[in-house]
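Following: one structure in structure tokens, then a few remarks.
In our numbering, the protein residues as written are 378 to 706.
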């Protein structure tokens, strides 16, 4: 279907699905996916979010399934008002226009309150019994490796322009395997998989709401925590990060954290390496394949996390050497 035809069909579907006069439809936001978001504003100034989520690119059934799971956990997520799965059209409740990232950029003094509540949301999700969610995929070592390889396939080759022969000198694939082994051995919990400041909404009552959860899996306990505290889009002071990790320990059931605090911090670090390798690869792919240039601006921060962690662990020294030799353009 041509783009214009799809837009016409989408608009007609919205008008038929909402049983109230529509004042206007405006672009709400965009993200790194193929989805498009629109705010539907009614004459009474109430609003909904209409989502165009092409089924050939997006897992829409997963979105519905995980929305129900999170709602059952009492996690604040958009309520699905209507959907048309054949075309990938949704109407959901509107959690507002303001992300946590936007609020923090206006006033970092809000960080203690926001992050305290965000960490509590992670604990709440992870304290749920994972055996209840057998339909969720396992975040296995194969997927972790595929994600880390994006760093080589898109960042090293396209952004840094490093050839295969040079990459092989640093034994990166062996390092990736070690990271996957160590992170996969962590306790398994419900993982949102993209839990960061751009996906947390703050409404007019300062309540938090959670977006972009359709890729949730059963995976390592530190994944969402590192996504939040070593966020690719905003930097937090290290003492503050350690304070929030301590909070997570206190709020998470003892059956899920079976390691010492020191070992948990190491698990947190190594999970961060995996996630940041993946993120750098995705940001580069967005630029070079999808022509979305803005994400490349977040690589320096993400690389800085990676560089600092690699310097702490002997088995990551080859990756550290690679990063020192090939600086970001």
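We treat Cβ as the ideally placed atom computed from N, Cα and C, and that holds for glycine.
Please read all numbers here as calculations on a predicted model, not as lab measurements.
Distance between residue j and residue i (C-alpha atoms, nearest Å)
i, j, result
"residue 479", "residue 575", "8 Å"
"residue 589", "residue 664", "21 Å"
"residue 399", "residue 567", "38 Å"
"residue 678", "residue 703", "16 Å"
"residue 623", "residue 494", "14 Å"
"residue 476", "residue 546", "42 Å"
Own chain partners of residue i with C-beta closer than 8 Å, once the 5 adjacent residues on each side are dropped
i, result
"residue 625", "496, 499, 500, 602"
"residue 687", "650, 693, 694, 696, 697, 700"
"residue 552", "692, 693, 695, 696"
"residue 666", "531"
Spatial neighbours of residue i in its chain, beta-carbon cut-off 6 Å, leaving aside the 5 residues before and after
i, result
"residue 430", "412, 437, 465"
"residue 561", "518"
"residue 401", "418"
"residue 515", "595"
Status (buried if at least 16 other CB within 10 Å, exposed otherwise) for residue i
i, result
"residue 638", "exposed"
"residue 636", "exposed"
"residue 617", "exposed"
"residue 425", "buried"
"residue 749", "Lying before the first or after the last residue shown, residue 749 is absent from the chain, which here runs from 378 to 706."
"residue 524", "buried"
"residue 512", "exposed"
"residue 569", "buried"
"residue 655", "buried"
DSSP beta-bridge partners of residue i
i, result
"residue 330", "Only positions 378 to 706 of the chain appear in this structure, which leaves residue 330 out of reach."
"residue 525", "Note: residue 525 sits in no beta bridge, so no partner."
"residue 403", "416"
"residue 628", "DSSP output for residue 628 lists no bridge partner at all."
Neighbourhood of residue i by C-beta distance below 7 Å, restricted to the same chain and skipping five residues each side
i, result
"residue 675", "609, 610, 660"
"residue 662", "527, 531"
"residue 646", "686, 689"
Simplified DSSP assignment, three categories, for residue i
i, result
"residue 645", "helix"
"residue 505", "coil"
"residue 485", "helix"
"residue 533", "helix"
"residue 609", "coil"
"residue 597", "strand"
"residue 578", "strand"
Check: residue i C-beta below 6 Å from any heavy atom of the ligand HEM
i, result
"residue 387", "The model depicted lacks the ligand HEM and carries no ligand whatsoever."
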